[in-house]
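Visitor:
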Amino acid sequence: MSERRLADLQAMWRIRAFEEKVRDLRAEGPIVGSVHLCIGQEAIAVGACDVLEPEDALFATYRGHGWAIARGVPLEPLFAELMGRANGVNGGRGGSAYFTAAEYGFHGENSIVGGGAPIACGAALAGRFDGSGRSAVTVFGDGAMNQGAVHEAMNFASAFDLPVVFICENNRYSELTPIADMVRGSRLADRAAAYGMPGHRIDGNDAESVRFHVRDALEIAREGGGPTLLECMTERLVGHYIGDAENYRRPGEMDRIRRREPIARLRQALLADGVPAGEIDAVEAGARAEIEAAAAAALTAPFADPATAREHLYA
Ligand SMILES: Cc1ncc(C[n+]2csc(CCOP(=O)(O)OP(=O)(O)O)c2C)c(N)n1
Ligand SMILES: [Mg+2]
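Heads up, the sequence shown is in the working numbering, so the first residue is -1 and it goes up one at a time.
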């Protein structure tokens, strides 16, 4: 049990340390453009990616750095991408919201809210014909649950028994607006019933719980039982974007969030398991060292050549 928890902690620290470094590099200048951090939401990506097979296709959102990392994409090309370097995962021309590394089963972030859901259906349908046995996982936010494309995708996946897992990261906000102000009936997972598929609200701050439910959903999907919707309850510890003044937070809200965020909770669980504090802290230190080395390497890489700007354009 402790070994699994330490592995989850390490996987989450790699994401958090990456995101904190990104925040610093955005403030200092090497990273430009819009950046959406997933600090506080790491357990969902860690738990889910642990049970994906190499052939499975994952589709994330603009808040998807953690999903790329959890899927196994190496760190240096991710930093390089954020800094416009030629060795970035997309040659330095995509940036924060468009990480894509198909060779790792990471079929991309998407800055169109809910945009990954129909594409995931296509990937799952294609898997039926190409013999790959692929399942597709698509991640989106609570706000995206009100996008027509997401509902069309859920209906399509259900009607055709497609092997798709719909993962909703319910961080309770859509940009600056609380989900409670936008929908009546707060249990988004209940909407699954309308499409004839299972829907579960789960603890998204617990990697073990996410792992359990995603494994289950994938089993159903692979046996031809169709899609599942998992509403993963979580919170972001940071603003919607870098520079968000977060005036919408209520008094005491951040204190409550910090008490139940996944890394703090796992630390408590490990201490209760009897794991020495020094061993737990070493996990963080190791992750931070790995992140610093990857960022430093990316900083020395050449920028993408402007002469190649028209390559990979389809118009
Ligand atoms: C189709 C579309 N509509 C609106 C936007 C602007 N927009 C960007 S992020 C966002 C909030 C989405 O919230 P949620 O789905 O909960 O995801 P979160 O940012 O909380 O992870 C909106 C409305 C967009 N990018 N795409
Ligand atoms: Mg949200």
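Each residue gets a CB set at the ideal place from its N, CA and C atoms; glycine is no exception.
#1: Roughly how many angstroms lie between the CA atoms of E206 and H105, to the nearest whole one?
#2: With C-beta atoms as the reference, is W65 less than 8 Å away from I261?
#3: Cβ of G89 within 8 Å of Cβ of A302?
#4: Sorted by chain position, which residues of the same chain lie with C-beta nearer than 6 Å to E173's C-beta, five sequence neighbours on each side aside?
#5: Taking just the CA atoms, how far does V44 sit from G284?
#6: Given 8 Å as the limit, is there contact between the region 137 to 150 and the region 114 to 122, that is, 3 or more CB pairs closer than that?
#7: Using alpha carbons as the reference points, say which of V212, E277, M231, E244 lies closest to P225.
#8: When the Cα atoms are used, what is the spatial distance from V30 to R24?
#9: Buried or exposed: where does S94 fall if 16 or more other Cβ atoms within 10 Å of its Cβ makes it buried?
#10: In three-state terms, what does DSSP make of R199?
#11: Less than 7 Å separating the Cβ of D242 from some heavy atom of ligand 2?
#12: Where does G284 fall in DSSP's three states?
#13: Give me the Cα-Cα distance between A84 and D54, rounded to the nearest whole angstrom.
#14: Would you mind listing the alpha helix (DSSP H) stretches within the region 25 to 54 that are 4+ residues and don't spill past its ends, in chain order?
#15: How about C230 and G197: are their beta carbons less than 8 Å apart?
#16: Give the C-beta separation of E233 and G38 to the nearest angstrom, bearing in mind that I take them to be a contact with Cβ-Cβ under 8 Å.
#17: The alpha helix (DSSP H) spanning A191 covers which residue range?
Guide: On the basis of the data shown:
#1: In this structure, the CA atom of E206 is about 24 Å from the CA atom of H105.
#2: no
#3: Yes, the pair counts as a contact, with Cβ atoms nearer than the cut-off.
#4: H238
#5: G284 and V44 have their C-alpha atoms roughly 17 Å apart.
#6: yes
#7: V212
#8: Taking C-alpha positions only, V30 is separated from R24 by approximately 6 Å.
#9: With 16 or more other Cβ atoms within 10 Å, it is buried.
#10: strand
#11: no
#12: helix
#13: 27 Å
#14: 40 to 47
#15: no
#16: 5 Å
#17: Taken as a continuous stretch (DSSP letters only), A191 belongs to no alpha helix (DSSP H), as it is neither H nor E.
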